[in-house]
Amino acid sequence: MEIKSICCIGAGYVGGPTMSVIAQKNQNIKVTVVDLNAQRISAWNDTDLNNLPIYEPGLDEVVNEARGRNLFFSNEVDKAIDEAQMIFISVNTPTKTYGTGKGMAADLKYVELCARQIAKVAKSDKIVVEKSTLPVKTAEAIQNILDNTGNGVNFEILSNPEFLAEGTAMRDLAVPDRVLIGGDSSTDKGKKAIQALVDIYASWVPHKNILTTNVWSSELSKLTANAFLAQRVSSINSLSELCEATGADIQEVAKAIGMDSRIGPKFLQASVGFGGSCFQKDILNLVYISKTLGLNDVADYWHQVILMNNHQRNRFAKNIIKTLYSTVNGKTISFLGWAFKKDTNDTRESAAIYVADLLLDEKATIKVFDPKVTAAQMQLDLNYLNTRTKLENANYLKTESDPYVALNGAHAIAVLTEWNEFQSYDWKYIYKNMQKPAFIFDGRNILDREVLESIGFTYKGIGYL
Ligand code: NAD
Ligand code: UGA
Numbered sequence: 000m001e002i003k004s005i006c007c008i009g010a011g012y013v014g015g016p017t018m019s020v021i022a023q024k025n026q027n028i029k030v031t032v033v034d035l036n037a038q039r040i041s042a043w044n045d046t047d048l049n050n051l052p053i054y055e056p057g058l059d060e061v062v063n064e065a066r067g068r069n070l071f072f073s074n075e076v077d078k079a080i081d082e083a084q085m086i087f088i089s090v091n092t093p094t095k096t097y098g099t100g101k102g103m104a105a106d107l108k109y110v111e112l113c114a115r116q117i118a119k120v121a122k123s124d125k126i127v128v129e130k131s132t133l134p135v136k137t138a139e140a141i142q143n144i145l146d147n148t149g150n151g152v153n154f155e156i157l158s159n160p161e162f163l164a165e166g167t168a169m170r171d172l173a174v175p176d177r178v179l180i181g182g183d184s185s186t187d188k189g190k191k192a193i194q195a196l197v198d199i200y201a202s203w204v205p206h207k208n209i210l211t212t213n214v215w216s217s218e219l220s221k222l223t224a225n226a227f228l229a230q231r232v233s234s235i236n237s238l239s240e241l242c243e244a245t246g247a248d249i250q251e252v253a254k255a256i257g258m259d260s261r262i263g264p265k266f267l268q269a270s271v272g273f274g275g276s277c278f279q280k281d282i283l284n285l286v287y288i289s290k291t292l293g294l295n296d297v298a299d300y301w302h303q304v305i306l307m308n309n310h311q312r313n314r315f316a317k318n319i320i321k322t323l324y325s326t327v328n329g330k331t332i333s334f335l336g337w338a339f340k341k342d343t344n345d346t347r348e349s350a351a352i353y354v355a356d357l358l359l360d361e362k363a364t365i366k367v368f369d370p371k372v373t374a375a376q377m378q379l380d381l382n383y384l385n386t387r388t389k390l391e392n393a394n395y396l397k398t399e400s401d402p403y404v405a406l407n408g409a410h411a412i413a414v415l416t417e418w419n420e421f422q423s424y425d426w427k428y429i430y431k432n433m434q435k436p437a438f439i440f441d442g443r444n445i446l447d448r449e450v451l452e453s454i455g456f457t458y459k460g461i462g463y464l
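Below, the structure written as structure tokens:
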């Protein structure tokens, strides 16, 4: 079956970039990305490409090329579902904040709403693709809803999890390590659906990188891929504390172990802790699924990855307080970076939020500079934690649009995101305008210790505190 028309429900960090690339590489397919969020859709349609709702290097060029040709962003969800042969569900699946599984399970209400809407609207056969990250066996629930509330048409469900990382999404999509497609190859219709999706990717991804599996393997592989990646970060972060206690050098240790080809060099960068919308959510989901199945030892094993991450964030904040003579009351700590990693404006679960929260508890004043995150977003992030009133948050956490203003007069600087530009600042000038002694807590180990110490800074990196 040749696909001519695709709909993607959810115009977020995954739906937007993924569909832009599918449209770029398949000019014969009409791709319509829909969302309930009208503001988000109008930002996707903004003629000024600087106003796209997400910042992702290279995304603007692809949108510029495909938008209006075969790529469309729209609020007309029903119309797009009706017209499409293939529908991607790319909505958010956050951790549940209520009821059974609160704080652990994935909240599938948005996915279920999509399934019900597809069932209601579809008047012809559809291939429904799970692009969101979902607990293993979700396809069964989607199939049930579609079959029991639909208009008698046939629905084939595929799982096609996304592996892009923010900040490098366009490269990850252009040359993916693998594309994973889970489907039911035991029926003719299932086989055809799998092939239809393989053909879409095959227009730019080599066949050897397109992996087809059964649906459950595909769903579970996505959760566990994130768990493995996060586990590496927690592993190296646990060693950073050991380095601090022994004088071993964390970057030397990372290099030495990463040169073993069985271990590999990637994802061994010690940090203030991993953030992002997915690592924590997906591991909690894995823990929850394991517990539900009575696999308590498996659950405890993976849960430790999260506990180590919480510990890393906390001890970073506590170390700032301890070093500043055990009081930060009335002192100014300036943050470089608020996003959960460089080259994105996404702040979900960023370590910066938790470090700020602990420092604000101790009555510090915080001034933040981030090249891509707005002041409104920072306040939203803090208010979401519900630790203080909105007014207190607004009074004690200030956002500056000029880094030199943010750093002026500070008692200490904390680097929370590894934005490249921080390395080329005029550190002599910054030192002159800070309170003395001037401290830098480099939560990403990106600044040059020797240079900063020669200027007069007291420098403390992760693993070297
Ligand atoms: P997001 O919050 O940025 O985007 C989701 C969008 O779906 C929102 O704009 C929301 O308004 C929309 N939406 C929700 N319900 C809807 C409905 N019923 N109809 C229409 N629109 C609806 O989320 P995201 O970061 O793009 O993540 C989406 C999924 O992809 C999640 O399951 C996530 O785990 C997974 N994932 C994310 C990443 C990433 O880097 N962010 C990478 C791989 C996988
Ligand atoms: C991660 C995965 O890398 C993607 O494959 C996956 O698709 C995605 O989650 C998802 O499912 O959402 P992402 O969270 O965007 O991507 O970014 P990563 O590069 O994985 O970084 C996650 C966090 O770990 C960041 O806070 C980063 O700074 C931190 N990190 C990463 C480290 O502290 N050290 C490292 O060595 C690597």
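Taking numbering that gives the first Met the number 0, I'd label the letters of the sequence shown as residues 0 to 464. Cβ coordinates follow ideal geometry from the N, Cα and C atoms, glycine included. A quick note: this is a predicted structure, and the numbers were derived from the prediction, not measured.
With 16 as the cutoff for other CB atoms within 10 Å, does residue i come out buried or exposed?
i       : result
Gln-230 : buried
Ser-333 : buried
Val-414 : buried
Met-200 : The sequence as given places Tyr at residue 200; Met does not occur at that position. By the 10 Å Cβ count, Tyr-200 comes out buried.
Lys-130 : buried
Gly-442 : buried
Gln-311 : buried
Leu-294 : exposed
Phe-438 : buried
Thr-331 : buried
Gln-434 : exposed
Ile-282 : buried
Pro-16  : buried
Asp-106 : buried
His-410 : buried
Lys-221 : buried
Classify residue i as helix, strand or coil using the three-state DSSP reduction.
i       : result
Cys-277 : coil
Ala-409 : coil
Phe-162 : coil
Thr-17  : helix
Ala-79  : helix
Leu-218 : First, the amino acid is wrong: residue 218 is Glu here, not Leu. The answer is helix: DSSP assigns Glu-218 an H, G or I state.
Ala-105 : strand
Asp-441 : strand
Thr-211 : strand
Ala-325 : The residue you asked about is not Ala; residue 325 is Ser in the sequence shown. Coil.
Phe-227 : helix
Could you pull the start and end residues of the alpha helix (DSSP H) that residue i belongs to?
i       : result
Thr-322 : 295-322
Glu-251 : 249-257
Val-465 : No answer is possible for residue 465: the residues shown for the chain start at 0 and end at 464.
Leu-396 : First-last for Leu-396: 396-398, but that is the beta strand (DSSP E), not the alpha helix (DSSP H).
Ile-352 : 350-360
For residue i, which option in the options has the closest C-alpha, if you only look at C-alpha atoms?
i       : options                               : result
Asp-198 : Asn-407, Gly-460 and Ile-2            : Ile-2
Ser-276 : Gly-189, Arg-39, Thr-94 and Leu-210   : Thr-94
Val-304 : Phe-438, Leu-285 and Asn-318          : Leu-285
Tyr-463 : Ile-53, Asn-153 and Asp-248           : Asp-248
Val-372 : Lys-136, Leu-384, Trp-418 and Lys-362 : Trp-418
Asp-345 : Gln-38, Tyr-54, Thr-31 and Ile-8      : Tyr-54
Ser-158 : Ala-114, Trp-215, Leu-112 and Asp-401 : Trp-215
Thr-92  : Leu-70, Gln-279 and Ser-19            : Gln-279
Name the two residues that bound the continuous beta strand (DSSP E) containing residue i.
i       : result
Thr-331 : 331-335
Val-128 : 125-129
Val-197 : Not the beta strand (DSSP E): Val-197 falls in the alpha helix (DSSP H), residues 187-201.
Ser-270 : Neither: Ser-270 is in no beta strand (DSSP E) and is coded neither H nor E.
Ser-453 : Per DSSP, Ser-453 belongs to no beta strand (DSSP E); it is in the alpha helix (DSSP H), 448-454.
Met-85  : 85-88
With a threshold of 7 Å (Cβ to nearest heavy atom), would residue i be considered close to the ligand UGA?
i       : result
Ala-413 : no
Phe-421 : no
Val-232 : yes
Gly-274 : yes
Phe-438 : no
Gln-268 : yes
Cys-242 : no
Leu-228 : yes
Ala-164 : yes
Thr-99  : no
Thr-132 : yes
Phe-278 : yes
Asn-313 : no
Asn-225 : yes
Would the beta-carbon of residue i be found less than 7 Å away from any heavy atom of the ligand NAD?
i       : result
Thr-373 : no
Thr-92  : yes
Leu-35  : yes
Leu-112 : yes
Glu-161 : yes
Shorter than 7 Å, the distance from the beta carbon of residue i to the closest heavy atom of the ligand SAH, or not?
i       : result
Arg-177 : By its list of ligands, the structure shown excludes the ligand SAH, since it contains just the ligand NAD and the ligand UGA.
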